[in-house]
Amino acid sequence: MCDLKICAARPFFFYCVISSLLPLHRQKKNPFTINTANKCTTHLEADMAEIKSWVFWRAVGAEFVGMLLFIFIGLSSIIGRSEKDQVPQELKVSLAFALAIATLAQSLGHVSGAHLNPAVSLGLLVCCQISALKCVFYILAQMLGAVAASAIVNGLRKSESLGVNQLSPGVTLEKGFIIEFLTTLQLVLCVIAVTDKRRRDVTGSAPLAIGLSVGLGHFAAISFTGCGINPARSFGPALIRNDMKNHWLYWLAPMCGGIAAALLYDFLLYPRINNLRRRKNMLLYGSEDGIDAAEVTVGGEGGSPEPSQWPKQ
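Sequence positions in the sequence shown follow this note's numbering and run 694 to 1006.
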């Protein structure tokens, strides 16, 4: 079940769209007293309350800083002295990205959830773990952090590619899409599973598990696509080097993989809400019992931080 504070900023258009599709007699006891405008206004007020919160901007800032450090470490490993030594280079890069994400997730997980990946943020949005507003700002912060890190690395040492992701010879767009889709799916599935607050069997380190998942993704995909699995990581170097060839693939495939992982886990593998009516209440009101979560006060300036996304170790 979603935390009410997290779900308080449920995007108002969910209510407007879904309510227009539902039969009138199932929306209210009196079908002639529906006031969609008031609901939309309430959700807008919740969004404004969230965006004015210091906790919100601290989390967004953590995503920027975390992404800057993550991409700096990753790209620095790519443009090292053995840039053209295929096997040792791939191993070094894979380990660098894996260890970096594990370290930063441990350091920043309690502040922002340490998504550090637009596909992860989108997956958690689909799972109703963050608001749409926070998802948008997280992705923007991640992109800015990736661009800043790419610019820093490019300024420190020129390289032939700056780690711009490209399909290897013989890898078609279709094959590249499948590889990026599946490797991102396993990553987002891992993130959602190890940070699920309902679980009591997670006794190991969630950040370490996520780091291993990133490493596995690189081992599998780096020889074929350069291993995107993170649209912001692909975006930063591509923008700095002005090389956007097939760049859409490194957005579309990971984002689709993130959505698929969220739907697979939340609706099939470990359903969060089994009852259809309760699912509708979650979409409309942000809570399973039908109480409008938008009426719950969002933590404002100086408020307590949101509960950590990470299980207690």
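Idealized CB from N, CA, C, for every residue including glycine.
Put residue i into one of helix, strand or coil per three-state DSSP.
i    : result
W941 : coil
E743 : helix
V887 : helix
T876 : helix
H808 : coil
Y963 : coil
V907 : helix
R892 : coil
G754 : helix
V813 : helix
S861 : coil
G897 : coil
Q822 : coil
I764 : helix
G773 : coil
R926 : helix
C920 : coil
Exposed or buried, residue i, counting other C-beta atoms within 10 Å across all chains shown (16 or more means buried)?
i    : result
E873 : buried
L878 : buried
K827 : buried
P781 : exposed
G951 : buried
T918 : buried
S861 : exposed
P964 : exposed
T876 : buried
N723 : Caution is warranted here: a pLDDT of 45 is assigned to N723, below 50, making its placement in the model unreliable, and no coordinate value can be reported.
A804 : The amino acid at residue 804 is misidentified as Ala; the sequence shows Val. So V804 ends up on the buried side.
H897 : Looking at the sequence shown, residue 897 is not His but Gly. The residue is exposed, with fewer than 16 neighbouring Cβ atoms inside 10 Å.
L962 : exposed
D894 : exposed
I829 : The question names Ile, but residue 829 is Val in the sequence shown. Classification of V829: exposed, given that the 10 Å Cβ count is below 16.
G921 : buried
G848 : exposed
G863 : exposed
W747 : exposed
Say yes only if the C-beta of residue i is nearer than 7 Å to one or more non-hydrogen atoms of the ligand MN, and no if none qualify.
i    : result
C883 : No copy of the ligand MN appears in this structure; indeed no ligand is present at all.
Give me, in chain order, the residues of the same chain whose beta-carbon lies closer than 7 Å to that of residue i; leave out the 5 immediate sequence neighbours on both sides.
i    : result
P924 : P811, A812, Y943, W944, P947, M948
C883 : A902, I903, S906
L792 : G904
A953 : L878
F765 : A842, I845, V846
L956 : V819
Y831 : V753, E756, H808, S814
L797 : G759, L762, F763, A807, L809
L801 : A755, G759, A807
R751 : V804
Q799 : P900
Skipping 5 residues on each side, what residues in its chain have a beta carbon closer than 8 Å to that of residue i?
i    : result
K938 : Q859
L932 : V840, S843
G767 : V786, A789, F790, A793, G856, R926
I915 : E783, V786, S787
L866 : L860, N939, L942
F870 : L942, L945, A946
R850 : I772
In its own chain, which residues sit with a C-beta less than 6 Å from the C-beta of residue i, not counting the 5 before and 5 after it?
i    : result
G838 : F757, M760, L761
F912 : S787
L817 : I823
F749 : E743
M836 : A925, F928
G908 : S787, A791
A795 : P900, L901, G904
Against chain B, with Cβ distances strictly below 8 Å, would residue i count as a contact?
i    : result
V895 : Looking for chain B here will not work: only one protein chain is present.
Let me know the alpha helix (DSSP H) ranges lying completely inside the segment 834-858, each 4 residues or longer, listed in chain order.
none
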